[in-house]
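Novice:
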Amino acid sequence: MVRVLPLIVLLSAWWLVVRLKVWPEVFVPDPRDVWTSLLDSERTHDGQIGLSGYYLHEHLWASLRRILVGVSLAIVFGTALGLALATIRPLRLVVEPYVNFIRSLPPLAYFSLLIIWFGIEDQSKIWLLFLAAFPPVALSVLSGVRGIRQERIDAIRSLGANRLQVVRHVVLPATLPELFTGVRLAIGFAWTTIVAAETIDGIPGIGGLAWSTKKFQQTDVAVLCIIVIGLSAIALDQLVKWLERTVVPWRGKA
Amino acid sequence: MEGALRVESARSPAGSPGAPSRVTLQAVAHRYLARQGEVAALGRTDLQVNTGEFVTLVGPSGCGKSTLLNLIAGFLVPTEGEVLVDGEVVTGPSPDRGVVFQQANLYPWMSVRDNVALGPRLRGVGKAERRTAADELLALVGLEEFGNARPYELSGGMQQRCQIARVLANDPDVLLLDEPFGALDAITREHLQMQLHRIWLRSRKTAVFITHSVEEAVFLGTRVIVMGARPGRIVFDERPPFRPEARTPELRATPAFVAWRERVSAVLRGT
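Line order of the protein sequences matches chains A and B.
So the first sequence is numbered by the numbering used here: it starts at 909 and just counts up by one.
So the second sequence is numbered by the numbering used here: it starts at 258 and just counts up by one.
1) I'd like to know if the stretch 303-318 of chain B and the stretch 472-480 of chain B are in contact, where contact means that at least 3 CB-CB pairs between them fall below 8 Å.
2) Any beta carbon of chain A sitting closer than 8 Å to that of Pro350/B?
3) According to the Cβ coordinates, are Asn327/B and Ala1063/A closer than 8 Å?
4) According to the Cβ coordinates, are Val369/B and Phe403/B closer than 8 Å?
5) So, does the CB of Val1078/A fall closer than 8 Å to a CB anywhere in chain B?
6) Is Ala426/B closer than 8 Å to Pro377/B when the C-beta atoms are compared?
7) Within 8 Å (strictly less), CB to CB, does Gln293/B reach chain A?
8) What residue from Leu1047/A, Ala1040/A and Asn1070/A has the CA that sits closest to Thr882/A's CA?
9) Less than 8 Å between the CB atoms is what I'm expecting for Gly990/A and Ala1098/A, so what's the real figure, rounded?
10) Using the Cβ count rule (16 or more neighbours within 10 Å means buried), how would you classify Asp1128/A?
11) Within 10 Å of its beta-carbon, does Lys929/A have 16 or more other beta-carbons around it, so buried, or fewer, so exposed?
12) So is Ala1082/A buried or exposed if we call it buried at 16+ other beta carbons inside 10 Å?
13) Tell me, to the nearest whole angstrom, how far the beta carbon of Phe499/B is from that of Phe514/B; I am working on the premise that it is less than 8 Å.
14) Do Ala1105/A and Arg974/A have their CB atoms nearer than 8 Å?
15) Spell out whether any CB of chain A is found under 8 Å from the CB atom of Ala286/B.
16) Who are the neighbours of Phe332/B on chain A, taking C-beta pairs under 7 Å?
17) When DSSP labels each residue in this structure, what does Tyr963/A get in the three-state scheme?
18) For the ligand SAM, any of its heavy atoms closer than 7 Å to the Cβ of Gly321/B?
19) Would you say Pro501/B faces chain A, with C-beta separation under 8 Å as the test?
20) Can you name, in chain order, every residue of its own chain whose Cβ lies under 6 Å from the Cβ of Ala486/B, other than the five neighbours on each side?
21) Go ahead and pull the three-state DSSP assignment for Thr987/A.
22) Rounded to whole angstroms, what's the CA-CA distance from Gly260/B to Ser460/B? Just pull it up for me.
23) What is the DSSP secondary structure of Tyr409/B, counted as helix, strand or coil?
24) Would DSSP call Gly294/B helix, strand or coil?
25) Please tell me whether Gln1125/A has its Cβ less than 8 Å away from any Cβ of chain B.
26) Cα separation between Met367/B and Arg911/A?
And the structure:
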């Protein structure tokens, strides 16, 4: 009950605002129009397929796929870079400032370059998502490795571990909780970047669809996209949290 | 169990003259760089620990007792002199020198059993074999029912028992214990002292045991060393006259034990 309360309050307020015609409908769409566009998005209506020529799940999947590819690459390279930064001091001195630099840039700042280098199709979008997602992964892994207590390393060394065994049995598992933190941040950044990534040639794509609504003032579709993006982001985050509880059951306990 | 805990009964009794030296510090000194300059953690020290001796090291904070232990463990390299174990110069950690820390340092991503079996796993012992060995050791320390638990589900005292079992799984020649019971409550502490003593009685492993507690030092040690601070140095080195078999909870209340304990305390106050 407490969980659905915010939803009920929002829907009531929304319905009231529309009913009282506080603003023109082009600014605030009728909830029923949003519902209709949701229904339209999954069927062929007036000879049109879904919205902008694709069904909603196709838009969503196109974006999810880009995010998953970009974030997966970010996990692979971010983890490797984070481990390298943590273990090779000269590398850290030279490279860490640049990782921080990229992290502090708004992704749109370098999107033009990516389009010039990689074209307007998927490649530049995935690069954009990758660049937005890899700094939090790399920096989380770095701080995870550096936060390992020396005694935890000493203990396994005195049990007979060589360098590789220290990494495999202690450094990697000990860094897992931080890696998950980094991944959740990375997915968050990827979601906030997806609309930017899909501003150009972004159909199909839920961000591209949201961006396209400005042209014909389709506020109902815009609101639908906001809801779908928000719910999908929350669902994905819950999935990662569940994965984290399964893989890192000791988090916060040891 | 007897297989995992090799009994050195053929050797001469613990600490008796003529027993072979297992751990030797030759003119060892250790300094490290701190913000305020070079700090002498351990002044020039000579020490011979004989095979089968249970040496307890007691001293105030900053007397270099942990430095001394870390030098034997191979975690530190001495700035002067050499540490020898069985005649070989120590250059780094080795499974022959098992270390028990104040914090259990068990790995929460492994079960209790896998923690105990870690040493054998690292040297390539097969799964079934190391599992059997781990279960025997868990039984030795009274944790046979907790093999599948995770370390953070154990109490502090149980974690220390698990850590001791993990070190014993490597059947090390030397046990190095750095205030292993320092964070435990008094009752658990006495209980674990007895348990450790019984394990040592069966295996007669050479041990170096660091503690803040004079009582613990006198109760467990076949040889008690007191260290003074700045720079760390040995100021007292004697063997309590209690037979290992006589070390029972009742011993603690005997006049002889109390007198010995007070003697060591007086030395410690003078440092």
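Ideal placement from N, C-alpha and C gives every residue a C-beta, glycine not left out.
Here the structure is a predicted model, which is why all the values come from computation and not from measurement.
Specialist: This is what the structure holds:
1) yes
2) Counting from 1 along the second sequence, the entry for residue 350/B is found at position 93. Pro350/B counts as touching chain A.
3) Taking the second sequence and counting its residues from 1, the one referred to as residue 327/B is at position 70. Taking the first sequence and counting its residues from 1, the one referred to as residue 1063/A is at position 155. Not closer than 8 Å, so no.
4) Against the second sequence, residue 369/B aligns to sequence position 112. Against the second sequence, residue 403/B aligns to sequence position 146. Contact flag set, yes.
5) Within the first sequence, residue 1078/A is the residue found at index 170, counting from 1. So, interface residue.
6) Indexing the second sequence from 1 puts residue 377/B at position 120. Indexing the second sequence from 1 puts residue 426/B at position 169. In contact: Pro377/B and Ala426/B (Cβ atoms closer than 8 Å).
7) Numbered from 1 along the second sequence, position 36 holds the residue referred to as residue 293/B. No, because no Cβ of chain A sits closer than 8 Å to the Cβ of Gln293/B.
8) Chain A is shown only over 909 to 1162; residue 882/A falls outside these bounds and no answer can be derived.
9) Taking the first sequence and counting its residues from 1, one reaches residue 990/A at position 82. Taking the first sequence and counting its residues from 1, one reaches residue 1098/A at position 190. That pair is no contact at about 18 Å.
10) Position 220 of the first sequence, counted from the start, is the residue given in the question as residue 1128/A. Asp1128/A comes out buried.
11) To locate residue 929/A, count along the first sequence from 1; it is residue 21. Per the 10 Å Cβ criterion, exposed.
12) Numbered from 1 along the first sequence, position 174 holds the residue referred to as residue 1082/A. By the 10 Å Cβ count, Ala1082/A comes out buried.
13) On the second sequence, residue 499/B is found 242 positions in, with the first residue counted as 1. On the second sequence, residue 514/B is found 257 positions in, with the first residue counted as 1. Contact flag correct, Cβ pair sits at about 7 Å.
14) Stepping through the first sequence from its first residue, residue 1105/A is reached at position 197. Stepping through the first sequence from its first residue, residue 974/A is reached at position 66. Closer than 8 Å, so yes.
15) What you label residue 286/B is simply residue 29 of the second sequence in a count that begins at 1. Ala286/B does not count as touching chain A.
16) Counting from one through the second sequence, the residue named residue 332/B turns up at place 75. The answer, in chain order, is Asp1062.
17) Against the first sequence, residue 963/A aligns to sequence position 55. Tyr963/A falls in the coil class under three-state DSSP.
18) As far as ligands go, the structure on display features none, and thus does not contain the ligand SAM.
19) In the second sequence, residue 501/B corresponds to position 244, counting from 1. It does not: the Cβ of Pro501/B has no partner Cβ on chain A nearer than 8 Å.
20) The residue you call residue 486/B lines up with position 229 of the second sequence. The residues are Pro317, Gly319 and Cys320.
21) Locating residue 987/A in the first sequence gives position 79, counting from the first residue. Reduced to three states, the DSSP call for Thr987/A is helix.
22) Here residue 260/B refers to the residue found at position 3 when the second sequence is read from its first residue. Here residue 460/B refers to the residue found at position 203 when the second sequence is read from its first residue. The predicted model places Gly260/B with a pLDDT of 45, which falls under 50 and marks its position as unreliable, so this point remains unresolved.
23) Here residue 409/B refers to the residue found at position 152 of the second sequence. Three-state DSSP puts Tyr409/B in a helix.
24) On the second sequence, residue 294/B is found 37 positions in, with the first residue counted as 1. If DSSP states are grouped into helix, strand and coil, Gly294/B belongs with the strands.
25) Position 217 of the first sequence, counting from 1, holds the residue named residue 1125/A. By this cut-off, Gln1125/A is not an interface position.
26) Counting from one through the second sequence, the residue named residue 367/B turns up at place 110. Counting from one through the first sequence, the residue named residue 911/A turns up at place 3. About 37 Å.
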